[in-house]
Amino acid sequence: MAGSSGGRGARGQGAPPARAPKVSPYEMIKQAILSGELGAGQLLTEVSLANWCGVSRTPVREALRRLEQDGLAERSAHGLAVRERSPEEIIDLYDTRVVLEAFAGQVAAQRRTDHDIRLLRWSLEHGRGVADTDEAGMVEANEQFHQAIWRASHNESLTDLLQRLTLHLARYPGTTLSSPGRWAKALGEHTELVDAIENRDGGAAYEIARGHFLAARDIRLELFARQTSAQG
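Next up, the structure:
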């Protein structure tokens, strides 16, 4: 019995570590679109993508269906393709985001808890520690801050809409935060927004968030114009 028990322990100790779950075709293709590896207008064919993902065509077919629902792919004369981008789409996305983010700030001011404020203050400090030369760090800190605002609103439907909208905006390369002086300006606006939320001043929170994202929209349009000019 002792030997048997020791055998079980030895096998448990010598067991290989659990493998990380394989990335789904949906996630693989989505990330390729968001990163620009699959460019705007590029056809998305089941056979080639199945070979690339190392799976059968069935999960790829389901992935493409989801990507079309997400608005990352669209039907063209030649089949399903990565959705094209346009200045009009940028304006539409940002106009929608301005409204939702401003409302999120207003609702957060009404519903926030003391714990929400602690998290927001922590996010502010984290952002201040990121250099304006660290593009990935700025993007991560900025996303973390705004997600904390969404959570402070305690409105699940609003958070869901903002998450889906952020997915669409991620299709545009580069970040508005890399524009000269933008990171310092954004951090200042973040601080003002948290102050308004802590003071339960919904009107001020609404206007600060609105102005913050209107400025981001203008910078994004300028970036898009530069990229289009460089490509054309």
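Each residue of the sequence shown is one higher than the last, beginning at 1 in the numbering used here. Idealized CB from N, CA, C, for every residue including glycine.
Let me know the alpha helix (DSSP H) ranges lying completely inside the region 43 to 123, each 4 residues or longer, listed in chain order. Runs of the alpha helix (DSSP H) inside the region 43 to 123: 46 to 53, 57 to 70, 87 to 111.
Could you please give the first and the last residue of the uninterrupted alpha helix (DSSP H) stretch that includes Leu167? Going by DSSP, Leu167 is part of the alpha helix (DSSP H) stretching over 156 to 169.
Distance between beta carbons of Val98 and Phe213, contact taken as under 8 angstroms: With a Cβ gap of about 5 angstroms, Phe213 and Val98 count as contacting.
Member of Glu140, Gln69, Tyr206 whose CA lies at the smallest distance from the CA of Ser178: Among Glu140, Gln69, Tyr206, the Cα nearest to that of Ser178 is on Glu140.
Taking all protein chains shown into account, decide if Lys30 is buried (16 or more other Cβ within 10 angstroms of its Cβ) or exposed. The residue is buried, with at least 16 neighbouring Cβ atoms inside 10 Å.
Less than 7 angstroms between the beta carbons of Ala63 and Ala209, yes or no? Not a contact, by the Cβ cut-off of 7 angstroms.
How would you call Pro180, buried or exposed, if buried means at least 16 neighbouring beta carbons within 10 angstroms? Per the 10 Å Cβ criterion, exposed.
In the DSSP assignment, find the alpha helix (DSSP H) that holds Pro25 and state where it starts and stops. In the DSSP assignment, Pro25 falls within the alpha helix (DSSP H) that extends over 25 to 35.
From Leu38 to Leu72, what distance separates their C-alpha atoms? Answer to the nearest angstrom: the Cα atoms are 11 angstroms apart.
For Glu84, I'd like the list of residues in its chain whose CB is within less than 6 angstroms of its CB, leaving aside the five on either flank, ordered along the chain. A distance below 6 angstroms between beta-carbons, with the five flanking residues on each side excluded, links Glu84 to the following residues of its chain, in chain order: Ala40, Gly41.
Own chain residues within Cβ distance below 6 angstroms of Ala152, not counting five before or after: Excluding five sequence positions before and after Ala152, the CB atoms of its chain that fall closer than 6 angstroms to its own CB belong to Ala108, Arg112, Asp116, given in chain order.
Taking the straight line between their C-alpha atoms, what separation do you get for Leu165 and Trp52? Spanning the two alpha carbons is a distance of roughly 28 angstroms.
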